[in-house]
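A.B. asks:
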Amino acid sequence: MQLRLIGTGGTIASRSTPAGRVASVGVKELLETARTLQVPESAQITCDEIGLRASFALGLPDLARLAGAVGDSLADGADAVVVTHGTDSMEETAFALALVHADDRPIVLTGAQRPSDDPAADGPRNLATALTWAVHPAARNHGVSAVFDGAVWPAIGLRKTDTLAPAAFGAPGRGPLARVDDGRIRLIGRPPRPAALITADDLARLPRVDVVPLYIGCDTALLDAAVAAGAQGIVLCAFGAGNAPPEVTEAVGRLVADGVAVAVASRVPAGATSAAYGAGGGADLLRAGAVFAADLSPWQLRLLLAAALHRSTGRGPAGAAEVIRAWLAGAGHQPN
Numbered sequence: 001m002q003l004r005l006i007g008t009g010g011t012i013a014s015r016s017t018p019a020g021r022v023a024s025v026g027v028k029e030l031l032e033t034a035r036t037l038q039v040p041e042s043a044q045i046t047c048d049e050i051g052l053r054a055s056f057a058l059g060l061p062d063l064a065r066l067a068g069a070v071g072d073s074l075a076d077g078a079d080a081v082v083v084t085h086g087t088d089s090m091e092e093t094a095f096a097l098a099l100v101h102a103d104d105r106p107i108v109l110t111g112a113q114r115p116s117d118d119p120a121a122d123g124p125r126n127l128a129t130a131l132t133w134a135v136h137p138a139a140r141n142h143g144v145s146a147v148f149d150g151a152v153w154p155a156i157g158l159r160k161t162d163t164l165a166p167a168a169f170g171a172p173g174r175g176p177l178a179r180v181d182d183g184r185i186r187l188i189g190r191p192p193r194p195a196a197l198i199t200a201d202d203l204a205r206l207p208r209v210d211v212v213p214l215y216i217g218c219d220t221a222l223l224d225a226a227v228a229a230g231a232q233g234i235v236l237c238a239f240g241a242g243n244a245p246p247e248v249t250e251a252v253g254r255l256v257a258d259g260v261a262v263a264v265a266s267r268v269p270a271g272a273t274s275a276a277y278g279a280g281g282g283a284d285l286l287r288a289g290a291v292f293a294a295d296l297s298p299w300q301l302r303l304l305l306a307a308a309l310h311r312s313t314g315r316g317p318a319g320a321a322e323v324i325r326a327w328l329a330g331a332g333h334q335p336n
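Position 268 of the sequence shown, counting from 1, maps to 268 under full-length UniProt numbering, and the rest follow consecutively.
1. When you compare only the Cα positions, how much space is there between Val252 and Ala120?
2. Going along the chain, which residues of its own chain have a beta-carbon closer than 6 Å to the beta-carbon of Val39, five neighbours each way excluded?
3. Taking the alpha carbon of Gly10 as the reference point, which residue from Glu322, His136, Leu52, Gly271 has its own alpha carbon closest?
4. Return the residue from the list Gly289, Asp117, Leu222 that minimises the CA-CA distance to Asp210.
5. Touching or not, the stretch 92 to 101 and the stretch 66 to 79, by the rule of three or more beta carbon pairs under 8 Å?
6. Where Ala134 and Ala75 are concerned, what is the direct C-alpha to C-alpha distance, given to the nearest angstrom?
7. According to the neighbour-count rule (16 or more other Cβ atoms, all chains shown, within 10 Å of its Cβ), is Ser116 buried or exposed?
8. Could you pull the start and end residues of the beta strand (DSSP E) that Thr17 belongs to?
9. What distance in whole Å lies between the Cβ atoms of Leu109 and Ile45, which are believed to be in contact at a cut-off of 8 Å?
10. Which complete alpha helix (DSSP H) runs does the stretch 119 to 201 hold, if anything under 4 residues is left out?
11. Tell me Val81's beta-bridge partners as DSSP assigns them.
12. Using beta-carbon positions only, say whether Ala155 and Ala196 come within less than 8 Å of one another.
13. Does the Cβ-Cβ distance between Gly217 and Gly282 come in under 8 Å?
14. CA-CA distance, Ala318 and Pro172?
15. Among the candidates Gln2, Ala279, Val323, whose CA atom is the shortest distance from the CA of Ile107?
16. Buried or exposed: which applies to residue 339, given that a residue is buried once 16 or more other Cβ atoms fall within 10 Å of its Cβ?
17. Please determine, among Ala80, Ala231, Thr8, Ser16, the residue with the shortest C-alpha to C-alpha distance to Ala64.
18. Determine whether the beta carbon atoms of Ala293 and Val264 lie at a separation below 8 Å.
19. Helix or strand or just coil, what does DSSP make of Ala226?
20. Exposed or buried, what is Thr36 when buried is set at 16 or more other beta-carbons lying within 10 Å of its beta-carbon?
21. What is the rounded straight-line gap between the Cα of Val212 and the Cα of Ala261?
22. Taking the alpha-carbon positions, what's the Thr17 to Ala96 distance?
23. For His310 versus Asp202, is the C-beta spacing smaller than 8 Å?
Spelled out as structure tokens, the structure:
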């Protein structure tokens, strides 16, 4: 079993300094620490360091570089790839890799909530668990997943659910793929896996898509600013199941008519969006040309909308909406 371990930085690679936590621990050292726990003996592990950065500082070119490194690892014959990564944007990176990854071999992300020099550091155990999952036959055909605190989560729907606790991630409304306890794997779910939508290189040239939050008293100022900044798509972080004030809904209709794609996510952590309400709500947003995207977070929907715009170049908002609906159907959702 050939396994590639790719390091990108994050808390798992950080040490505490007077200036704050700083990523400075290489992936080979992380592996050596994890080996003191239960790392699969059958795995021949090679390491690749592509960065030592906090995940809140990453951009789309960084995701393209990581996706390229993952693809190169698979092309070199790796049976699985494990990526150490910061937790702040792991849900976005995992989703971006899911948009690219077309292979049946597993891609697994993990990280830590406590730095490597903390007496109760959780990174070594998370890495050992991720390696255990990655080499297990059951991990194949799951696509991209994230391992944290003994749980294996799907990339699609992944959310960071706690800022500091060791059990940092979840997939609201979906549940985990598996649990890993003392090296033993208990399978729980196998959700449908949609086809890859873009390539690794595409990640570096996706069109600009901005997320606009809605709140009591909001107007169209942020929508207008996003378009002025060059956004070709906008994700509304909407009320409830996908609702907006009438003024915003009217603006959405104008934007879609002008060629700006609009997708709707909810500011609620769990539950799907639904085009149910009038008076500016979801039903009116749908009639205005917005596309609803099940239970994806605004941050994952941003990447999906950008990928859909890239995939449907020249076909406008309707073309991007068609791509999104087809992709969601492949993921087992019946979109509005």
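A virtual CB, placed ideally from N, CA and C, is assigned to each residue, including glycine. Remember, predicted model here, so these are calculated numbers, not experimental data.
C.D. replies: Reading it off the structure:
1. What you label residue 252 is simply residue 252 of the sequence shown in a count that begins at 1. What you label residue 120 is simply residue 120 of the sequence shown in a count that begins at 1. Rounded to whole angstroms, Val252 to Ala120 spans 49 Å at the Cα level.
2. The residue given as residue 39 occupies position 39 in the sequence shown. Correct list, in chain order: Ala128, Leu131.
3. Position 10 of the sequence shown, counting from 1, holds the residue named residue 10. The shortest CA-to-CA distance from Gly10 to any of Glu322, His136, Leu52, Gly271 is the one to Leu52.
4. Residue 210 sits at position 210 when you count from the first residue of the sequence shown. Selected option, being the one with the closest Cα: Leu222.
5. Cβ pair count under 8 Å is three or more, so yes.
6. Start at 1 with the first residue of the sequence shown, and residue 134 comes out as number 134. Start at 1 with the first residue of the sequence shown, and residue 75 comes out as number 75. In this structure, the CA atom of Ala134 is about 17 Å from the CA atom of Ala75.
7. Walking along the sequence shown from the start, residue 116 turns up at place 116. Of the other Cβ atoms in all chains shown, 16 or more fall within 10 Å of the Cβ of Ser116; this residue is therefore buried.
8. For the purposes of this step, residue 17 is taken as the residue at position 17 of the sequence shown. Counting along the chain, the unbroken beta strand (DSSP E) around Thr17 starts and ends at 14 to 17.
9. As a first step, residue 45 is located in the sequence shown; it is residue number 45 there, counting from the start. As a first step, residue 109 is located in the sequence shown; it is residue number 109 there, counting from the start. Rounded, the Cβ-Cβ distance is 16 Å, inconsistent with contact.
10. Within the stretch 119 to 201, the alpha helix (DSSP H) runs of at least 4 residues that lie entirely inside it are, in chain order, 123 to 135.
11. Walking along the sequence shown from the start, residue 81 turns up at place 81. For Val81, which the question treats as bridged, DSSP gives the partners Arg4, Ile107.
12. In the sequence shown, the residue the question calls residue 155 occupies position 155. In the sequence shown, the residue the question calls residue 196 occupies position 196. Cβ distance not < 8 Å, so Ala155 and Ala196 don't count as in contact.
13. Stepping through the sequence shown from its first residue, residue 217 is reached at position 217. Stepping through the sequence shown from its first residue, residue 282 is reached at position 282. For the pair Gly217 and Gly282, the CB atoms are not nearer than the 8 Å cut-off.
14. Indexing the sequence shown from 1 puts residue 318 at position 318. Indexing the sequence shown from 1 puts residue 172 at position 172. Looking at the two C-alpha atoms, the distance is approximately 29 Å.
15. Residue numbering aside, residue 107 sits at position 107 when the sequence shown is read from its first letter. Closest option to Ile107, Cα to Cα, is Gln2.
16. Here the chain has residues from 1 to 336 only, and residue 339 is not among them.
17. Walking along the sequence shown from the start, residue 64 turns up at place 64. Residue Thr8 is the option with its Cα nearest to Ala64.
18. Taking the sequence shown and counting its residues from 1, one reaches residue 293 at position 293. Taking the sequence shown and counting its residues from 1, one reaches residue 264 at position 264. Yes, Cβ-Cβ distance for Ala293 and Val264 is below 8 Å.
19. Locating residue 226 in the sequence shown gives position 226, where the first residue counts as 1. Secondary structure of Ala226 (DSSP, three-state): helix.
20. Counting from one through the sequence shown, the residue named residue 36 turns up at place 36. Under a 10 Å Cβ-count criterion, Thr36 is classified as exposed, with fewer than 16 other Cβ atoms of the shown protein chains found around its own Cβ.
21. The sequence position of residue 212 within the sequence shown is 212, counting from 1. The sequence position of residue 261 within the sequence shown is 261, counting from 1. Val212 and Ala261 have their C-alpha atoms spaced approximately 13 Å apart.
22. Along the sequence shown, read from residue 1 onward, the residue named residue 17 stands at position 17. Along the sequence shown, read from residue 1 onward, the residue named residue 96 stands at position 96. Cα-Cα distance, rounded: 32 Å.
23. Residue 310 sits at position 310 when you count from the first residue of the sequence shown. Residue 202 sits at position 202 when you count from the first residue of the sequence shown. A contact, by the Cβ cut-off of 8 Å.
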